[in-house]
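Visitor: Sequence order for the protein chains is A and B.
Residues in the first sequence are numbered from 19 upward in steps of one, following the numbering used here.
Residues in the second sequence are numbered from 19 upward in steps of one, following the numbering used here.
Number of protein chains: 2
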Amino acid sequence: MDGRLSQASQDYLKIIYKLASQYGRATTSQIAENLEVKPASVTNMLQKMAQIEPPLVRYKKHQGVSLTPAGEEAALEMLRHHRLIELFLHEILGYPWDEVHEEAERLEHVISEKMERRMAEVLGNPMRDPHGQVIPSHDLELTATTEFPLSELRPPQRAVIRRVHDEDADLLRHLEQLGLLPQATLTVFKHVSFDGNLHIKLDDQDEPIVLGTQITSQVFVDFVAGPQLP
Amino acid sequence: MDGRLSQASQDYLKIIYKLASQYGRATTSQIAENLEVKPASVTNMLQKMAQIEPPLVRYKKHQGVSLTPAGEEAALEMLRHHRLIELFLHEILGYPWDEVHEEAERLEHVISEKMERRMAEVLGNPMRDPHGQVIPSHDLELTATTEFPLSELRPPQRAVIRRVHDEDADLLRHLEQLGLLPQATLTVFKHVSFDGNLHIKLDDQDEPIVLGTQITSQVFVDFVAGPQLP
DNA sequence: AGTATAATTTAGGCAAGACTAAATTCAATA
DNA sequence: TATTGAATTTAGTCTTGCCTAAATTATACT
Numbered sequence: 019m020d021g022r023l024s025q026a027s028q029d030y031l032k033i034i035y036k037l038a039s040q041y042g043r044a045t046t047s048q049i050a051e052n053l054e055v056k057p058a059s060v061t062n063m064l065q066k067m068a069q070i071e072p073p074l075v076r077y078k079k080h081q082g083v084s085l086t087p088a089g090e091e092a093a094l095e096m097l098r099h100h101r102l103i104e105l106f107l108h109e110i111l112g113y114p115w116d117e118v119h120e121e122a123e124r125l126e127h128v129i130s131e132k133m134e135r136r137m138a139e140v141l142g143n144p145m146r147d148p149h150g151q152v153i154p155s156h157d158l159e160l161t162a163t164t165e166f167p168l169s170e171l172r173p174p175q176r177a178v179i180r181r182v183h184d185e186d187a188d189l190l191r192h193l194e195q196l197g198l199l200p201q202a203t204l205t206v207f208k209h210v211s212f213d214g215n216l217h218i219k220l221d222d223q224d225e226p227i228v229l230g231t232q233i234t235s236q237v238f239v240d241f242v243a244g245p246q247l248p
Numbered sequence: 019m020d021g022r023l024s025q026a027s028q029d030y031l032k033i034i035y036k037l038a039s040q041y042g043r044a045t046t047s048q049i050a051e052n053l054e055v056k057p058a059s060v061t062n063m064l065q066k067m068a069q070i071e072p073p074l075v076r077y078k079k080h081q082g083v084s085l086t087p088a089g090e091e092a093a094l095e096m097l098r099h100h101r102l103i104e105l106f107l108h109e110i111l112g113y114p115w116d117e118v119h120e121e122a123e124r125l126e127h128v129i130s131e132k133m134e135r136r137m138a139e140v141l142g143n144p145m146r147d148p149h150g151q152v153i154p155s156h157d158l159e160l161t162a163t164t165e166f167p168l169s170e171l172r173p174p175q176r177a178v179i180r181r182v183h184d185e186d187a188d189l190l191r192h193l194e195q196l197g198l199l200p201q202a203t204l205t206v207f208k209h210v211s212f213d214g215n216l217h218i219k220l221d222d223q224d225e226p227i228v229l230g231t232q233i234t235s236q237v238f239v240d241f242v243a244g245p246q247l248p
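Encoded structure:
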């Protein structure tokens, strides 16, 4: 109740949220690796986060942690901040999409609720960040999505890119060069089962391109109805 | 050389810069009062700041401190950040000018040089913040100004408002309501020596207004040539 | 079941930056 | 010059969040 959470606990909450939504819970060593601190430090911090009022995590020795409602709310708040800031940096300040993450990582901890709201308004209350990640709403609801990895498509399926993996700047630069951006629509016309390569054509490009699984597993799509009009 | 300065030392540098440009040096208790910490904590911090490499301050017991070149550079960097952010919040995010200070106070410590540069570009490399304070240039030069307190004007002098005191939100709201904003031009038509009140008329308003010294001492102006054209 | 190995926790420390209480120094005045 | 009060500094603590080393628990394999 004494105001803000420390930046350290916010960072823990973010990672725990991510790990828990992926694996159901987060282990000490996963957290340690992600935050680049030693496991002993994590244990220590988790114990504190479980004991404050209200508790941010549920912690039992040797069983990993999960977020309490209070912890999840704080995590979603950070997620909203982070993604709004990324979009703001991209749209308003002209940052390339592979450079927004680092800046957002620092800003997310210090912006006020007022600034969050002002940014959202200037951006037209956006639903997704530059990488297509869904932005939690003002009241911290995270709308469910249906997208799946591009690697699961087979000819002659058509799809629209919704979202790309956002934590690898090299990948992002590469995707941009290829034109694999959110909103782009494409047709798969060949699948090579040996290596999993996909041959695709983007609607707004003439030349087809060949994608390995390093890429197709990091790009997430939805089906789109009907063939491309000629 | 290990990267950034701590937020705490940046805060100390800011205050020392301000006090030193006003009084030539900064005393322990002045700093303590401004930062709302105890004098003992200040002594402690000053000793550290004088001992690191490169030293940020010159410190000798019982004699107050002044900034070294390294300290002054860091202070000006903060000043540039702060004022650019204030202007950005006002111009781009629509903050009222009495609400920018607090947000800037937190953001100034975390923005990158890249973000500083992008904000400056979006704003057209501005010279002054919303309160009229000069923004240090990219290479941290602070251009000298000639403005003086409005309270020193006498009828029938004319002047343009350059800058207002920026640390009192109530004052700022009041000034805005009166129309006493940077760029506004005015004519003084009466001075009351008893209480120092000034009767002025703003060029773009019909009604004259009467200002006490609480206000006229906080508004800074330059002379402007020639009478207002009717 | 019993043991090696990996993961986790405990215990004890450290640095930053705040605090309080006590000691010291400065400055002003009798 | 001696005194007194204010300012400053010293000394010792506290909290946060990290660390290393050692102890413990869990897991997995024979």
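Glycine residues also receive a C-beta, built at the ideal position from the N, C-alpha and C atoms.
Just so we're clear, the structure is a prediction, and the values are computed from it rather than from any experiment.
Of the residues that make up the region 111-128 of chain A, which ones have a beta carbon closer than 9 Å to any beta carbon in chain B?
Guide: If the cut-off is 9 Å between Cβ atoms, the region 111-128 of chain A has 111, 112, 113, 117, 120, 121, 124, 125, 127 and 128 near chain B.
Visitor: Beta-carbon separation of residue 168 of chain A and residue 238 of chain A under 8 Å?
Guide: Yes, the Cβ-Cβ distance between residue 168 of chain A and residue 238 of chain A is below 8 Å.
Visitor: Residues in the region 131-147 of chain A with C-beta within 9 Å of chain B's C-beta atoms, listed in sequence order?
Guide: Answer in chain order: 132, 133, 136, 137, 139 and 140.
Visitor: Roughly how many angstroms lie between the CA atoms of residue 48 of chain B and residue 129 of chain B, to the nearest whole one?
Guide: Computed Cα separation, rounded: 28 Å.
Visitor: How many angstroms separate the CA atom of residue 19 of chain A from the CA atom of residue 104 of chain A?
Guide: Because residue 19 of chain A carries a pLDDT of 48, less than 50, the predicted location of this residue cannot be relied on, and no value is offered for it.
Visitor: Would a C-beta distance cut-off of 8 Å place residue 74 of chain A and residue 61 of chain A closer than the cut-off?
Guide: No. Outside cutoff.
Visitor: Quick check: the Cα distance between residue 78 of chain A and residue 70 of chain A, rounded to an integer number of angstroms?
Guide: Distance between the alpha carbons of residue 78 of chain A and residue 70 of chain A is about 15 Å.
Visitor: Say whether the region 188-195 of chain A touches the region 113-131 of chain A, bearing in mind that this needs 3 or more beta-carbon pairs closer than 8 Å, one atom from each stretch.
Guide: Yes: at least three Cβ pairs fall under 8 Å.
Visitor: Leaving aside the five residues before and after residue 144 of chain A along the sequence, list all residues of the same chain whose C-beta is less than 8 Å from its C-beta, in chain order.
Guide: Around residue 144 of chain A: 102, 105, 138 and 153.
Visitor: Considering only their Cβ atoms, is the gap separating residue 200 of chain A from residue 179 of chain A smaller than 8 Å?
Guide: In this structure, residue 200 of chain A lies closer than 8 Å to residue 179 of chain A by Cβ.
Visitor: Taking the runs of the alpha helix (DSSP H) that are 4 residues or longer, which of them lie wholly in the region 155-206 of chain A?
Guide: Runs of the alpha helix (DSSP H) inside the region 155-206 of chain A: 187-196.
Visitor: For residue 243 of chain A, is the classification buried or exposed, using 16 other Cβ atoms within 10 angstroms of its Cβ as the cut-off for buried?
Guide: Burial call: exposed.
Visitor: If I measure Cβ to Cβ from residue 76 of chain B and keep anything under 8 Å in the same chain, skipping five residues before and after, which residues do I get?
Guide: Here the set comprises 68, 83, 84, 85 and 86.
Visitor: For chain B, find out if any of its Cβ atoms is closer than 8 Å to the Cβ of residue 19 of chain A; answer yes or no.
Guide: With a pLDDT of 48 at residue 19 of chain A, under the threshold of 50, the predicted position of this residue should be treated as unreliable, though the coordinate-derived value follows. Not an interface residue.
Visitor: Might you give, ordered along the chain, the residues of its own chain that have their beta carbon closer than 8 Å to the beta carbon of residue 226 of chain B, omitting 5 neighbours on each side?
Guide: Closer than 8 Å at Cβ, skipping near neighbours: 207, 217, 218 and 219.
Visitor: At the level of alpha carbons, what is the spacing between residue 232 of chain A and residue 94 of chain A?
Guide: If I take the Cα positions, the gap works out to 29 Å.
Visitor: Going by beta carbon distance, what residues of the same chain come within less than 7 Å of residue 229 of chain A, once the five residues before and after it are set aside?
Guide: These residues qualify, in order along the chain: 215, 216 and 218.
Visitor: For residue 138 of chain B, write down the residues that DSSP places opposite it in a beta bridge.
Guide: BP columns for residue 138 of chain B are empty, so no partner.
Visitor: Under 8 Å between the Cβ atoms of residue 221 of chain A and residue 203 of chain A?
Guide: For residue 221 of chain A and residue 203 of chain A, yes; Cβs fall inside 8 Å.
Visitor: If you draw a straight line from the alpha carbon of residue 31 of chain B to that of residue 40 of chain A, how long is it in whole angstroms?
Guide: Answer to the nearest angstrom: the Cα atoms are 44 Å apart.
Visitor: Going by DSSP in three states, residue 27 of chain A sits in which element: helix, strand or coil?
Guide: Helix, per DSSP.
Visitor: Could you pull the start and end residues of the beta strand (DSSP E) that residue 76 of chain A belongs to?
Guide: Where residue 76 of chain A is concerned, the enclosing beta strand (DSSP E) stretches over 75-77.
Visitor: Closest by CA to residue 171 of chain A, which one among A:46, A:235, A:158 and A:81?
Guide: It is A:235 whose Cα lies nearest to the Cα of residue 171 of chain A.
Visitor: Measuring straight from C-alpha to C-alpha, what distance separates residue 194 of chain A and residue 162 of chain B?
Guide: Distance between the alpha carbons of residue 194 of chain A and residue 162 of chain B is about 46 Å.
Visitor: Just to confirm the assignment: which complete alpha helix (DSSP H) runs, minimum length 4, are found wholly within the region 93-153 of chain B?
Guide: The qualifying runs are 118-125 and 131-140.
Visitor: Could you give the distance in angstroms between the alpha-carbon of residue 197 of chain B and the alpha-carbon of residue 146 of chain B?
Guide: Cα to Cα, the separation comes out at about 18 Å.
Visitor: Let me confirm a value: residue 51 of chain B is counted as buried when at least 16 other C-beta atoms fall within 10 Å, else exposed. Which label applies?
Guide: Residue 51 of chain B comes out exposed.
Visitor: Considering residue 47 of chain A, what are the terminal residues of the alpha helix (DSSP H) in which it resides?
Guide: Where residue 47 of chain A is concerned, the enclosing alpha helix (DSSP H) stretches over 46-53.
Visitor: State buried or exposed for residue 89 of chain B, treating a residue as buried only when at least 16 other CB atoms are found within 10 Å of its CB.
Guide: That one is buried.
Visitor: Terminal residues of the continuous beta strand (DSSP E) containing residue 218 of chain A?
Guide: It spans 216-220 - the beta strand (DSSP E) in which residue 218 of chain A sits, taken as one unbroken run.
Visitor: Taking just the CA atoms, how far does residue 25 of chain B sit from residue 97 of chain B?
Guide: For residue 97 of chain B and residue 25 of chain B, the distance between alpha carbons rounds to 14 Å.
Visitor: Given residue 183 of chain A, which residues of its chain have a CB within under 6 Å of its CB, disregarding the five upstream and five downstream residues?
Guide: Contacts found: 236.
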